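Protein chains in written order, with our numbering: chain A, 38 to 376; chain B, 6 to 125.
Glycine is no exception: its CB is placed at the ideal position from the N, C-alpha and C atoms.
Here the structure is a predicted model, which is why all the values come from computation and not from measurement.
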């Protein structure tokens, strides 16, 4: 029987279609995927630095922040042709019944390698640690601008996930407001907190450990889970054990543990699921106020293994065509998580 | 006199850009698509190129990529009627990206600025 399940973080229902559940191994069937167009000249390659705007941050292969004269492993640059601009004011005004605001914000690009690598799973665990450090450094830097309320870090892996250039990169958006999805998570966890005087994510983790059906992996500081109310097959979360609203406050050891989990997850998708396209993002609490102490930062990866059809769009209720219990079991048994 | 190559498939826009740039004192040559644009880039050696993104035969991003493979320094302005290309990082191989507008002030300013910078 199909089952409605409620996500206590987003406070949303999903349908888990257990009757027509697809076996997890069926998701790795060969499929012709639309690829990002190949370019002869890539603006992100080593040697083409002049094609990007002046960089904000440069890291070397040891994970040190270095100046422009040194070789680089990762670079952060502002969007050359931005949709959001920093040199305006985020004040809103009325326009009839509507509300408008100048397109204030920051949009930065993190270039993952000087080499033309096309998949983030090619980064080593150590390099992923540097990438996490880059994200943390940038959020801390952006936080100094008191007009910025939230930062969203995201990656589009593959054309079907929205990538426009194949050279591996992620993006940082800084906004003067909390975007709707984050707002919903903040609201959902606040509601839970008011009712139970506890963090929704901490309770969720406690239950998941006890039930042991959807926890794929755990290390000292993190859990890798298939969420109970998965919106997509193989939706994967990496959640810190320690309650903390903000990702940028992760401790050094936690950053290493996070890199370890991230490497396993990315390798799983690349090697065990035949490299599906996916988006990942980090949801971290608002930057400028402490009112979201009930929020628990986390990482989400959403693979493009199903299509939102009319029902999902019209109702806002996603149908997941396999169960997270099934996929968790499959992941645990894989050579990535089982070695 | 600086030579500018305008690559644009819609003839009214192509002619408008041509007339406006001639009025600014440039020598202007035009091409109706990416294939012709590439041939003129090779043959006529322009000082600056303006390229529309959505074109038949070879689109503007393909033309940009082909030209950049041979010349990393020639100033290129890429433009489109659609703002969504700000999310497409392959436009970064160009020096400027503009959204098409009936007001050509910004377009002409960018042409002047890029030619000035390429001289220095």
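Should residue i be flagged as near chain A, meaning a C-beta pair shorter than 7 Å?
i: residue 74/B; result: yes
i: residue 110/B; result: no
i: residue 98/B; result: yes
i: residue 55/B; result: no
i: residue 93/B; result: yes
i: residue 38/B; result: no
i: residue 102/B; result: yes
i: residue 70/B; result: yes
Only counting the same chain, and skipping five residues up and downstream in sequence, which positions put a Cβ closer than 8 Å to that of residue i?
i: residue 218/A; result: 47 and 320
i: residue 177/A; result: 285
i: residue 156/A; result: 194, 205, 307 and 312
i: residue 67/B; result: 39
i: residue 154/A; result: 160, 204 and 205
i: residue 349/A; result: 355 and 356
i: residue 111/B; result: 103
i: residue 83/A; result: 109, 151 and 152
i: residue 16/B; result: 37
Classify residue i as buried or exposed, calling it buried when 16 or more other Cβ atoms lie within 10 Å of its own Cβ.
i: residue 175/A; result: buried
i: residue 116/B; result: buried
i: residue 125/A; result: exposed
i: residue 63/A; result: exposed
i: residue 65/B; result: buried
i: residue 110/A; result: buried
i: residue 70/B; result: buried
i: residue 246/A; result: exposed
i: residue 117/A; result: buried
i: residue 352/A; result: exposed
i: residue 113/A; result: buried
i: residue 20/B; result: exposed
i: residue 188/A; result: buried
i: residue 367/A; result: buried
i: residue 296/A; result: buried
i: residue 76/A; result: buried
Sorted by chain position, which residues of the same chain lie with C-beta nearer than 6 Å to residue i's C-beta, five sequence neighbours on each side aside?
i: residue 317/A; result: 192 and 338
i: residue 375/A; result: none
i: residue 429/A; result: Here chain A comprises residues numbered 38 to 376, so residue 429/A is not present and cannot be evaluated.
i: residue 101/B; result: 82 and 115
i: residue 42/B; result: 12, 36 and 68
i: residue 142/A; result: 121, 211 and 212
i: residue 7/B; result: 31, 52 and 120
Quick one: does residue i have its CB under 7 Å from some CB of chain B?
i: residue 76/A; result: yes
i: residue 118/A; result: yes
i: residue 202/A; result: yes
i: residue 88/A; result: yes
i: residue 80/A; result: yes
Is any non-hydrogen atom of the ligand ATP found closer than 6 Å to the C-beta of residue i, if you look at the structure I gave you?
i: residue 186/A; result: This structure lacks the ligand ATP, and indeed carries no ligand of any kind.
Give me the residue from the options with the minimum Cα distance to residue i.
i: residue 280/A; options: 172/A, 242/A and 104/A; result: 242/A
i: residue 45/A; options: 307/A, 268/A and 167/A; result: 268/A
i: residue 165/A; options: 149/A, 153/A and 93/A; result: 149/A
i: residue 119/A; options: 211/A, 237/A, 265/A and 220/A; result: 211/A
i: residue 158/A; options: 330/A, 298/A and 356/A; result: 298/A
i: residue 144/A; options: 93/A, 138/A and 151/A; result: 93/A
i: residue 52/B; options: 94/B, 106/B and 77/B; result: 77/B
i: residue 208/A; options: 223/A, 169/A and 214/A; result: 169/A
i: residue 275/A; options: 160/A, 288/A and 256/A; result: 256/A
i: residue 226/A; options: 101/A, 61/A and 334/A; result: 334/A
i: residue 72/A; options: 108/A, 51/A and 202/A; result: 202/A
i: residue 325/A; options: 180/A, 98/A and 287/A; result: 180/A
i: residue 101/A; options: 167/A, 253/A, 266/A and 369/A; result: 167/A
i: residue 323/A; options: 182/A, 262/A and 140/A; result: 182/A
i: residue 78/A; options: 94/B, 16/B and 73/B; result: 73/B
i: residue 57/B; options: 49/B, 22/B and 44/B; result: 22/B
Who are the Cβ neighbours of residue i in its own chain at under 7 Å, not counting the five residues just before and after it?
i: residue 314/A; result: 70, 194, 195, 196, 197, 198 and 341
i: residue 99/B; result: 69, 81, 82 and 83
i: residue 362/A; result: 250 and 251
i: residue 239/A; result: 280 and 333
Beta-carbon of residue i versus every beta-carbon of chain C: anything under 7 Å?
i: residue 131/A; result: Annotation note: the requested chain C is absent from the structure, which comprises protein chains A and B.
Residue ranges of each alpha helix (DSSP H) within the stretch 204-283 of chain A, 4 or longer
As far as the stretch 204-283 of chain A is concerned, its whole alpha helix (DSSP H) runs of at least 4 residues are 217-233 and 237-248.
Counting only runs of 4+ residues fully inside the stretch 37-90 of chain B, write out the alpha helix (DSSP H) ranges in chain order.
Qualifying alpha helix (DSSP H) stretches, in chain order: 39-49 and 65-75.
Please give me, in chain order, every unbroken run of the beta strand (DSSP E) with length at least 3 that falls completely inside the stretch 323-355 of chain A.
DSSP assignment within the stretch 323-355 of chain A yields the following whole beta strand (DSSP E) runs of 3 residues or more, N-terminal first: 335-340.
Beta strand (DSSP E) runs wholly inside the stretch 113-181 of chain A, at least 3 long, in chain order
129-132, 135-138 and 143-148
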